[in-house]
Amino acid sequence: MDPFLLWLESTALSVWIRESINVFAFPMILAYHTIGMGFVAGLSAAVDLRILGAARRVPLLELKRFLPATWVAFWLNAVSGVLLLIAYPTKALTNPVFYVKLTCIGFAVAILRSIAKSIFQNPNLDLGEIPRRGKWLAGASLFFWAGAIFAGRLLAYTYTRLSQGGTQ
Amino acid sequence: MTVYEIQHWLLTTLGSVEIVKPIMTSKWGWPICESLHFVGLSLLIGTIGMFDMRLLGVAKRIPISALHRLIPWGIGGYVVNIITGSMFLVTAPDQYLYNSAFHLKMLFMAVAGLNVLTFYSAVFRKVNVLGAGADAPLAAKWIGGASLFLWTGIIIFGRLLTFYRPFACGKGGPTGFLATCL
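Right under this line is the structure:
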């Protein structure tokens, strides 16, 4: 038993998210997490597809206007994700798949920042070919977002301990 | 036919589809289909949501016709989700047919379908000729806003399915359209 996890699971917030029958407790936090996932992974994927050659007439530089919405979705998921973690810390932290998910998100977000910094700040880019590095980044971004989604969904099927109280 | 009879007919008809059951009842069949359903969801909301935002006025310097070339990717996500969604439905029809979250999800999907038909029949030709910097007409903005609202609602009701499964009603609990049991 981990005393920190035991304490966290006994806090009022953790108990409320986990046990309240209010739809705005666990169910809606999970729904927000899914909406954020759709927008952060989906908008990133749309930019990646453009970099990889889809919709070539879209001026690449202008896609940066969708970055604020992408970051709002990311922060929605950071906050809702922490709340879900507070509800079931043992369930996530004792599952290796959870760390696979976090690693995928780490890489995907680093790539998003890199695309925002390099590709979206190069006004000459729309005139010429996209550098090879940009295409690799876009391909890796699609891979890591899909990996984060798969790992996240499989959390429900791979955990071994639900809480400090028991095994299931 | 009463709503109850229609539900019962759907239950037996969908339940008689045997072809996907071996996959869906295998250890990883259902979880992998769920993961694909979430990937499809992201592709759909990312590309179609981006198009909707452009109609609403974000990134006006992108010509609408150019951004429309991303829509086939969103349709691809939609097709993945229709296939995986149907696989869930025929494997456990009772978990959906008597689930009020599923009823609302289907209602929102029907309205989203009508919204798409309205877009292509009423405004597509007008917005497709607009160049860089042009503002979409008000009708197109309403359609884009409705699309974002409806797809967000579809995600919410889809995610809430788990919490409105009919077993929460108990045996002989309420059935019919939008029966509530939580």
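Quick note, the sequences are listed as chains R and E, same order. According to this note's numbering, the first sequence is numbered sequentially starting from 136. According to this note's numbering, the second sequence is numbered sequentially starting from 15. No residue lacks a Cβ here, since even glycine has one placed at the ideal position from N, Cα and C.
- Taking residue 168 of chain E as the centre and dropping the five residues before and after it, the same chain places the C-beta of 119, 122, 123, 126 closer than 8 angstroms to its C-beta, in chain order.
- Residues of chain R with a Cβ closer than 7 angstroms to the Cβ of residue 48 of chain E are, in chain order, 288.
- Not a single CB atom of chain E sits nearer than 8 angstroms to the CB of residue 254 of chain R.
- Residue 178 of chain R and residue 19 of chain E have their C-alpha atoms spaced approximately 43 angstroms apart.
- Under the three-state reduction of DSSP, residue 49 of chain E is assigned to helix.
- When 8 angstroms is used as the limit between beta carbons, residue 162 of chain R is near these residues of chain E: 173, 174, 176, 177, in chain order.
- Interface annotation, residue 207 of chain R: not in contact with chain E, CB-CB separation never under 8 angstroms.
- Within the segment 183-198 of chain R, the residues whose Cβ lies closer than 9 angstroms to some Cβ of chain E are 184, 185, 189, 190, 191, 192, 193, 194, 196, 197, 198, listed in chain order.
- For residue 19 of chain E, the enclosing alpha helix (DSSP H) starts and ends at 17-29.
- Inside the segment 118-194 of chain E, DSSP marks whole alpha helix (DSSP H) runs of 4 or more residues at positions 138-142, 152-174, from first to last along the chain.
- By the Cβ criterion, the segment 232-240 of chain R is in contact with the segment 281-301 of chain R, since at least three pairs of Cβ atoms, one from each stretch, lie closer than 8 angstroms.
- Between the C-alpha atoms of residue 243 of chain R and residue 31 of chain E there is a straight-line separation of about 39 angstroms.
- The beta carbon of residue 60 of chain E falls within 8 angstroms of a beta carbon belonging to chain R, placing the residue at that interface.
- When DSSP states are grouped into helix, strand and coil, residue 42 of chain E belongs to the coil group.
- In this structure residue 61 of chain E is in contact with residue 84 of chain E, their Cβ atoms being roughly 4 angstroms apart against a cut-off of 8 angstroms.
- A contact between stretches requires three or more CB pairs, one per stretch, nearer than 8 angstroms, and the segment 170-179 of chain E meets this requirement with the segment 111-118 of chain E.
- With 16 or more other CB atoms across the displayed protein chains lying within 10 angstroms of its CB, residue 67 of chain E is buried.
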